[in-house]
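In full-length UniProt numbering, the protein residues as written are 1 to 280.
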C-alpha cells in the first residue's frame with residue numbers, strides 16, 4: 001500500500017478556505033496583508049499580478065496561491081475586468097507565524113505559486129462546479145464553494161508535492177522516496193521516542209547518510225525538524241485549550257516542565273505567555 005504523505009499533516013493541522021469574492025475585478029485591486037493566506041482562481045483574464053517587487057502576467061485561467069500573508073495587487077482592464085473567485089485561507093496558525101507560530105504546511109510552501117488551471121490534475125470537474133456555484137445565486141452556495149475551495153487546495157498541495165517544483169523544506173522531503181518514510185513516521189507518531197538510528201532505519205539508509213541527506217533536502221537536522229514539529233503540535237493543542245501535561249504526553253515530552261523548556265527555546269515565550277499573546 002502506498003504511503004499517504006499528506007494525511008498525517010492534514011489530520012493534525014487545519015487547512016481550509018473561505019470565499020470572500022466571486023465575480024469581475026476591474027482596474028486596480030489591492031489585497032492588503034490581513035493575517036491570512038489567499039487563494040485566487042482566475043476564470044477569465046488577463047490579469048497583471050504585483051507583489052514584493054515582482055510582476056506576473058496571467059493570460060490563461062490560473063490559480064494564484066499565497067499560503068502566507070502577503071500584500072498583492074491585481075490589475076485588469078477597467079471595462080472588461082477579469083472573472084475571479086477569491087478565498088481567504090486558514091492554516092490554523094498562519095497569523096501567528098511572526099511570533100513563533102504557523103502551520104508547518106504553510107511554512108513549507110513557496111510564498112507565491114501561479115499555476116494554469118489546466119495543469120492541476122484531476123481538478124476539472126471540481127473547478128467547473130466551483131465556478132458554476134460561485135457565479136450563481138443559489139441557496140447554500142457559499143457553503144458549497146468553501147468546500148470546493150478546500151478540495152482545490154488539497155489537490156494543489158498534492159500537485160506541489162508530486163511536481164518536484166519544491167526543492168527544499170519538508171515538502172521536498174516528502175517528495176524524496178526514502179526521506180518521506182521517516183517524515184511520515186514522525187508525522188504519524190510524534191510521541192514515539194525517535195532517534196537518529198530509528199529514523200534512518202525507517203528510511204532504509206545508514207545513520208550518517210540519512211542525517212546528511214535529510215539536512216540537505218529538508219534544511220535542518222532530523223532532531224531539529226522533529227522538535228519543531230512537536231512544538232507546532234503543542235501550539236495547536238494550546239489554542240484548543242488542552243492542558244500542558246496532556247500535551248506533553250501527546251507530543252513526546254516526558255513532563256510539562258520538559259515541554260515548557262522546549263517550547264520557550266523554540267518560540268522565545270513560555271506556553272502561557274505565548275497563548276496570552278495569541279488572545280491579545
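Just so it is clear, CB atoms sit at the ideal spot from N, CA and C, and this is done for glycine as well.
Quick one: using the 10 Å Cβ neighbour count with 16 as the cut-off for buried, is residue 58 buried or exposed?
To locate residue 58, count along the chain shown from 1; it is residue 58. Result: buried.
With contact counted as at least three CB pairs below 8 Å, one residue from each stretch, are the segment 164 to 173 and the segment 103 to 116 in contact?
yes
Buried or exposed: which applies to residue 167, given that a residue is buried once 16 or more other Cβ atoms fall within 10 Å of its Cβ?
As a working note, residue 167 is residue 167 in the chain shown. Its Cβ having fewer than 16 others within 10 Å, residue 167 is exposed.
For residue 39, name the three-state secondary structure that DSSP assigns.
As a working note, residue 39 is residue 39 in the chain shown. Three-state result, residue 39: strand.
Going by Cα to Cα distance, which pick from 63, 75, 77, 39 is closest to residue 69?
Residue 69 sits at position 69 when you count from the first residue of the chain shown. Residue 69 has its Cα closest to that of 39, out of 63, 75, 77, 39.
To the nearest angstrom, report how far apart residue 148 and residue 19 are at their CA atoms.
If you number the chain shown from 1, residue 148 lands on position 148. If you number the chain shown from 1, residue 19 lands on position 19. Approximately 10 Å, taken between the alpha carbons.
How should residue 185 be labelled, buried or exposed, when 16 other C-beta atoms within 10 angstroms of its C-beta is the threshold for buried?
Numbered from its first residue, the chain shown carries residue 185 at position 185. Result: buried.
Looking only at its chain, what residues have a beta carbon closer than 7 Å to the beta carbon of residue 215, apart from the 5 residues adjacent to it on each side?
Mapped onto the chain shown, residue 215 falls at position 215. Correct list, in chain order: 221.
What does a CB cutoff of less than 6 Å around residue 141 pick up in its chain, not counting 5 residues either side in sequence?
Locating residue 141 in the chain shown gives position 141, where the first residue counts as 1. 133, listed in sequence order.
Do you know offhand how far residue 205's Cα is from residue 178's?
Residue numbering aside, residue 205 sits at position 205 when the chain shown is read from its first letter. Residue numbering aside, residue 178 sits at position 178 when the chain shown is read from its first letter. For residue 205 and residue 178, the distance between alpha carbons rounds to 8 Å.
How do the segment 16 to 34 and the segment 72 to 91 stand: do at least 3 beta-carbon pairs fall below 8 Å, yes or no?
yes
Between which residues of its own chain and residue 60 is the CB-CB distance below 6 Å, once the five residues before and five after are set aside?
Mapped onto the chain shown, residue 60 falls at position 60. Excluding residues within five positions, the ones whose Cβ falls inside 6 Å are 116.
Note down, in chain order, each residue of its chain lying with its Cβ closer than 6 Å to the Cβ of residue 98, except the 5 sequence neighbours on either side.
Taking the first residue of the chain shown as position 1, residue 98 is located at position 98. In this prediction, residue 98 scores a pLDDT of 43, lower than 50, which makes its location untrustworthy; the coordinate-derived value is nonetheless stated afterwards. For residue 98, where only same-chain residues beyond five positions count, there are no Cβ hits under 6 Å.
Residue 51 versus 202, 154, 114, residue with shortest Cα-Cα distance
Translated into positions along the chain shown, residue 51 becomes position 51. Nearest option by C-alpha distance: 114.
Taking the alpha-carbon positions, what's the residue 94 to residue 188 distance?
In the chain shown, counting from the first residue as 1, residue 94 sits at position 94. In the chain shown, counting from the first residue as 1, residue 188 sits at position 188. Per-residue confidence for residue 94 stands at a pLDDT of 41, beneath the threshold of 50, marking its modelled position as unreliable; the derived number appears in the next sentence. Approximately 22 Å, taken between the alpha carbons.
Would you mind stating whether residue 237 and residue 247 have Cβ atoms separated by less than 9 Å?
In the chain shown, residue 237 corresponds to position 237, counting from 1. In the chain shown, residue 247 corresponds to position 247, counting from 1. Yes.
What does residue 50 pair with, by DSSP beta-bridge criteria?
Locating residue 50 in the chain shown gives position 50, where the first residue counts as 1. In the DSSP output, where bridge partners are listed per residue, residue 50 has 55, 73.
Between which two residues does the beta strand (DSSP E) carrying residue 85 extend?
Position 85 of the chain shown, counted from the start, is the residue given in the question as residue 85. From DSSP, the beta strand (DSSP E) with residue 85 extends over 82 to 90.
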